[in-house]
Amino acid sequence: MNTNVNSEICQIFNDWQVDHQQLADSIDEIRDWMLEVNQLGIPHFGETASRLQPFRARLQSHFDREDRILNKLAEIYSKSTPEIEAFTRQTKSDHQSLMMRLDIFSMTSYGMRHQSAVMPSTLVTALRAMV
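In my numbering, the protein residues as written are 2 to 132.
Okay, structure coming up:
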């Protein structure tokens with residue numbers, strides 16, 4: 002593998018790591034805000050949905066970057082392995098599942114009127130595990 006390819010791979014992963022940390026920080030910020038709102042006892046469902054929309058867009062962008070990384074690695078390494086193929090399939094499935102859960106939560110938050118605005122802990126855990 003030549004130096005240019007190594008440099009390109011390093012840059013891709015560095016960009017991904019920066020993006021990854023920013024998403025983790027966003028998750029923590031949204032979770033903390035939701036806990037504060039919940040302690041006040043005054044739900045802010047519309048604002049919850051509004052906060053989740055930009056996060057969803059960033060998360061989708063992050064997942065797209067991961068797809069590009071996998072595609073780039075497939076170009077560089079001409080031979081695929083069953084492990085790489087299984088990882089790619091699992092990643093795609095996880096991303097779709099997480100986006101669907103986030104969409105459901107966002108729509109539910111927007112439509113809610115008399116329930117807690119706290120993001121379900123299972124969704125927070127899933128988000129933190131994915132990014």
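The beta carbon of each residue, even a glycine, is placed where N, CA and C say it ideally should be.
- Residue R52 holds the alpha-carbon nearest to the alpha-carbon of S27 among D16, V38, R52.
- Taking the Cα positions, F46 is about 16 Å away from F56.
- At least 9 Å separates the beta-carbon of K73 from that of I31.
- DSSP, reduced to helix, strand and coil, places T92 within a helical segment of the structure shown.
- Within the stretch 15–103, the complete alpha helix (DSSP H) runs of at least 4 residues fall at 46–77.
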